[in-house]
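Protein chains: 2
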Amino acid sequence: MGRPRGFDEEQVVRAARDVFWEKGFDGTSTADLCAATGLNRSSLYNTFRSKEHLFLRSLAAYITVSTNSMVETLDDDRREGLDRIRALLSEIADDAARTREQGPGSGCFVVNTTTSTAAHDPAVARMLDADRDRRLAALRTAVLAGRADGSVHPDRDPEATAWYIVSVISGIRVAGQSGAGRTVLESIARTAIEALRA
Amino acid sequence: MGRPRGFDEEQVVRAARDVFWEKGFDGTSTADLCAATGLNRSSLYNTFRSKEHLFLRSLAAYITVSTNSMVETLDDDRREGLDRIRALLSEIADDAARTREQGPGSGCFVVNTTTSTAAHDPAVARMLDADRDRRLAALRTAVLAGRADGSVHPDRDPEATAWYIVSVISGIRVAGQSGAGRTVLESIARTAIEALRA
DNA sequence: CCGGTTCTGGTCCGAACGTTCCACAAACCG
DNA sequence: CGGTTTGTGGAACGTTCGGACCAGAACCGG
Numbered sequence: 220m221g222r223p224r225g226f227d228e229e230q231v232v233r234a235a236r237d238v239f240w241e242k243g244f245d246g247t248s249t250a251d252l253c254a255a256t257g258l259n260r261s262s263l264y265n266t267f268r269s270k271e272h273l274f275l276r277s278l279a280a281y282i283t284v285s286t287n288s289m290v291e292t293l294d295d296d297r298r299e300g301l302d303r304i305r306a307l308l309s310e311i312a313d314d315a316a317r318t319r320e321q322g323p324g325s326g327c328f329v330v331n332t333t334t335s336t337a338a339h340d341p342a343v344a345r346m347l348d349a350d351r352d353r354r355l356a357a358l359r360t361a362v363l364a365g366r367a368d369g370s371v372h373p374d375r376d377p378e379a380t381a382w383y384i385v386s387v388i389s390g391i392r393v394a395g396q397s398g399a400g401r402t403v404l405e406s407i408a409r410t411a412i413e414a415l416r417a
Numbered sequence: 220m221g222r223p224r225g226f227d228e229e230q231v232v233r234a235a236r237d238v239f240w241e242k243g244f245d246g247t248s249t250a251d252l253c254a255a256t257g258l259n260r261s262s263l264y265n266t267f268r269s270k271e272h273l274f275l276r277s278l279a280a281y282i283t284v285s286t287n288s289m290v291e292t293l294d295d296d297r298r299e300g301l302d303r304i305r306a307l308l309s310e311i312a313d314d315a316a317r318t319r320e321q322g323p324g325s326g327c328f329v330v331n332t333t334t335s336t337a338a339h340d341p342a343v344a345r346m347l348d349a350d351r352d353r354r355l356a357a358l359r360t361a362v363l364a365g366r367a368d369g370s371v372h373p374d375r376d377p378e379a380t381a382w383y384i385v386s387v388i389s390g391i392r393v394a395g396q397s398g399a400g401r402t403v404l405e406s407i408a409r410t411a412i413e414a415l416r417a
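So the sequence lines, in the order shown, correspond to chains A and B. Residues in the first sequence are numbered from 220 upward in steps of one, following my numbering. Residues in the second sequence are numbered from 220 upward in steps of one, following my numbering.
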């Protein structure tokens, strides 16, 4: 009952995500959000309680698609464990390269947030922690699968190796923002895999 | 001639660096800078033209000590090439762990800036680019030394490998901010080295 | 077609922002 | 010791910030 919304909430969140992604939480004003979403301040505050709440929604939206895609790649049991990880790093490098190629890139929203907002916003930190755990879990099982099928070196501890790959992914993402081109990013991914080889 | 300054400029820059490091450019107000440096707004603006200029000075100060230390480790020709890189990653992991242990860490100022301010401030981007080139050069020579003395696998291209290590370093730094503890960070560093082994 | 409920556009708010300005304090030079 | 130069404290600038508010528009069930 009452007047219906003149916008699609998910669509608004996506638009907001792009702004936060590009400018960061501190660098984004409510005016920026109005401009990007097409919504008036009132509608924004009526729908999402505050700038921070909208940021959390935006971050969650990003995390969902990004980590879902990652888990999908890592759970593909038609491939050997190492091959899945190789495919994952290849996707990451490609994604970083593409993000970079179109305009002065904004890198990865999760990494950007980890290195800025997370330190001062507990709610953001908690969301990132949960996502990190999910990524670590998916990586751990892929490493275990790799050790079982003989593609991953038996000395590689699943937990430590999962962290290594998480770290490599962040590294590739930052390298993309540091000016590394596609071929460089792909070579980083290839080199990183060498550490896991059986 | 004229009244002398009541403060040490380098010391002020260091204080400013710590604030920018912790809160980022956007998150730092001129009031924060006054509080941290003990200087009045007037003295701040009289000495450094603007907030951005002070930020550049702060970043330069950080880069100098950080990259000098890195180059020193990498140029130690009493060790084999791979050993130098191992020592470097060990220092980075230790540094990340220490930064993390004292308060909710602020990670690495260079990484934080790369993932936020660099995209929108050309002067900052130029400074980071120059520093990255210096780090890449030092790494390249260490890799070359390692190939010559047989400690680094001959298939490892110096340029690509230098980028790989730069990327691993960023990754370790981000991992530190993602909640990885000392032992995890050290294990990441050890795993990363495995990719280079002869 | 009307009462109720929700959404929307615009305005307004106090606070904080980066920066400028000015009156005065403090030192050096002659 | 007077004049010049430079640094300092603090107030003030206009702007922008995140957020609150309200009058009216748009739709609902009856």
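Positions of the beta carbon are idealized from the N, C-alpha and C atoms, including for glycine. Remember, it's a predicted structure, so these values are computed and weren't measured experimentally.
In the DSSP assignment, P223 of chain A falls outside any alpha helix (DSSP H) and carries neither an H nor an E. Going by beta carbons, V385 of chain B and L415 of chain B fall outside the 7 Å limit. Contact between the region 353 to 367 of chain B and the region 400 to 409 of chain B is absent: fewer than three C-beta pairs spanning the two stretches fall below 8 Å. Below the 8 Å Cβ cutoff, chain A contributes no neighbours of I311 of chain B, its closest Cβ being approximately 11 Å away.
With 16 or more other CB atoms across the displayed protein chains lying within 10 angstroms of its CB, F267 of chain B is buried. Those residues of the region 382 to 402 of chain B placed with their C-beta closer than 7 Å to a C-beta in chain A are W382, Y383, V385, S386, V387, S389, G390, I391, V393, A394, Q396, S397, G398, A399, ordered along the chain. Counting along the chain, the unbroken alpha helix (DSSP H) around L273 of chain B starts and ends at 270 to 293. The continuous stretches of alpha helix (DSSP H) do not include G369 of chain A, and DSSP gives it neither H nor E. Taking all protein chains shown into account, F226 of chain B has fewer than 16 neighbouring C-beta atoms within 10 Å of its C-beta and is therefore exposed.
Contact annotation: V232 of chain A and D251 of chain A have beta-carbon atoms that are not nearer than 7 Å. In the DSSP assignment, G243 of chain B falls within the alpha helix (DSSP H) that extends over 228 to 246.
At least one CB atom of chain A sits nearer than 7 Å to the CB of G243 of chain B. Within chain B, the residues placing a beta-carbon under 8 Å from that of S406 of chain A are D376, A379, W382, Y383, ordered along the chain. By the criterion of at least three beta-carbon pairs nearer than 8 Å, the region 287 to 307 of chain A is not in contact with the region 255 to 265 of chain A.
Within chain A, no C-beta atom comes nearer than 8 Å to that of A250 of chain B; the closest sits roughly 15 Å away.
Cβ contact annotation for G300 of chain B (same chain, cutoff 8 Å, sequence separation greater than five): A361, V362, L363, A364, G365, R366, A367, D368, S370, V371, in chain order.
Using beta-carbon distances, G326 of chain A counts as an interface residue toward chain B, with a partner under 7 Å.
Looking at the DSSP output, R416 of chain B sits in a beta bridge with B:V371.
Counting only residues of its own chain and dropping the five nearest sequence neighbours on each side, T283 of chain A has no CB closer than 8 Å to any other CB. For secondary structure counted as the beta strand (DSSP E) over 3 or more consecutive residues, the region 295 to 361 of chain A holds no complete run. In this structure, DSSP gives N259 of chain A a state outside helix and strand, which the three-state scheme calls coil. Nearest neighbour of A280 of chain B by Cα position, chosen from B:E241, B:R236, B:H272, turns out to be B:R236. A411 of chain B and H272 of chain B have their C-alpha atoms some 37 Å from each other.
Contact annotation: S397 of chain B and T333 of chain A have beta-carbon atoms nearer than 7 Å. The C-beta of E229 of chain B comes no closer than 7 Å to any C-beta of chain A.
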